[in-house]
Amino acid sequence: MEELYFKIFEALPRQGPGDEEATKKAFQKLSDLPQCPEILDVGCGNGSQTLVLAKLSQGNITALDNHGPFIDILKHKARHARLEEKIQCIVGDMAAMNFSGESFDVIWSEGAAYNIGFENALKSWNALLKHKGYLVVSELVWFKKDVPQEISEYFAREYPDMHYYEDVYAMVRSTGYELVDYFPLPGVSWWTEYYTPAEKKLTEMRQEYQSNTDAQALFDAFQLEINMYRKYSEDYGYGFYIMRKG
Ligand code: SAH
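Here the sequence shown stands for residues 16 to 261, where the numbers follow the working numbering.
Next comes the structure, spelled out in structure tokens:
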């Protein structure tokens, strides 16, 4: 089933909600960067945001993901955009990154930190940042304190560690950062490059795997996730947290 899961995700323009505009908006909040910043993009997927960062900054970007085929796609796109010299690609585990301490001006992670626990990511990546370095993370959060039972039960199963967006502010401070800014990712950034192509891919794969009940269950689960967002996008979404090491 893991293979099938990757077959879907490798076909998508990106592997989570987001778009160029949101990456740019967050990057513009980093007001005090050196001329050529060292940037680490953690859980880069096929590198949509990596390429945006490479265009926006004059620095070097290290892009890390534990799924080799995503990194291969990123390498291909980087060559095509003539940005390969600015991007160092690494297949590796975000839970065991062995970079030297204080080596990055910016750590960036869109929709990926949850893989090792959001708070744990904030804590463990702190040591890799230079003094006053920035950490930019997008993370699934509740926008409201009181939400309908159906969606509350869904995420109690799917992502029990999900926080109310303002409750994250205290976590940011307690893990050694100041909060520079926060903004919610707009709904359109979930659809254009993520859920709309995902729905199309799911329809194709349903045909291809018609008689495979395990595969159909996997497609159902992803479709349910999309349906939930369609219905409850006022209640939850992605928050972009722009933080600075204190
Ligand atoms: N930032 C990309 C991808 C987000 S999806 C985007 O917004 O499009 C999450 C990514 O984290 C996937 O590419 C997945 O392969 C990667 N990932 C999951 N666990 C990981 C781990 N332990 N170490 C490194 N990458 C991981």
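Note that beta-carbon positions come from the ideal geometry of N, C-alpha and C, so glycine has one too.
Nearest Cα to D80 within the set K101, V152, Q231, D108: D108. Taken in chain order, the complete alpha helix (DSSP H) segments of 4 or more residues contained in the region 66-142 are 83-95, 133-141. If you check the C-beta of C51 against the ligand SAH, you find no heavy atom less than 7 Å away. With contacts defined by Cβ atoms closer than 8 Å, A41 and I257 form a contacting pair. If you check the CB distance, Y169 and M243 come in under 8 Å. Annotation for K216: the continuous alpha helix (DSSP H) segment containing it runs 211-223.
When secondary structure is reduced to three states using DSSP, E35 falls in the helix class. Closer than 7 Å to some heavy atom of the ligand SAH: that describes the Cβ of M109. Here D235 carries a helix assignment [DSSP, helix/strand/coil]. Shortest Cα-Cα distance from N61 to any of D161, L200, V106, A110 involves V106. Sequence-distant partners of G116 (beyond 5 residues in either direction) whose C-beta falls short of 7 Å from its own C-beta, in its chain, are A142, L143.
Shortest gap from the CB of G126 to any heavy atom of the ligand SAH: under 7 Å.
Annotation: G74 to S46 spans about 15 Å, alpha carbon to alpha carbon.
Fully enclosed alpha helix (DSSP H) runs of no fewer than 4 residues occupy 182-189 of the region 169-207, in order along the chain.
When secondary structure is reduced to three states using DSSP, F255 falls in the strand class. Residue pairing from DSSP places S153 in a beta bridge opposite E125, F255. Checking the 7 Å criterion, the Cβ of H82 is within range of a heavy atom belonging to the ligand SAH.
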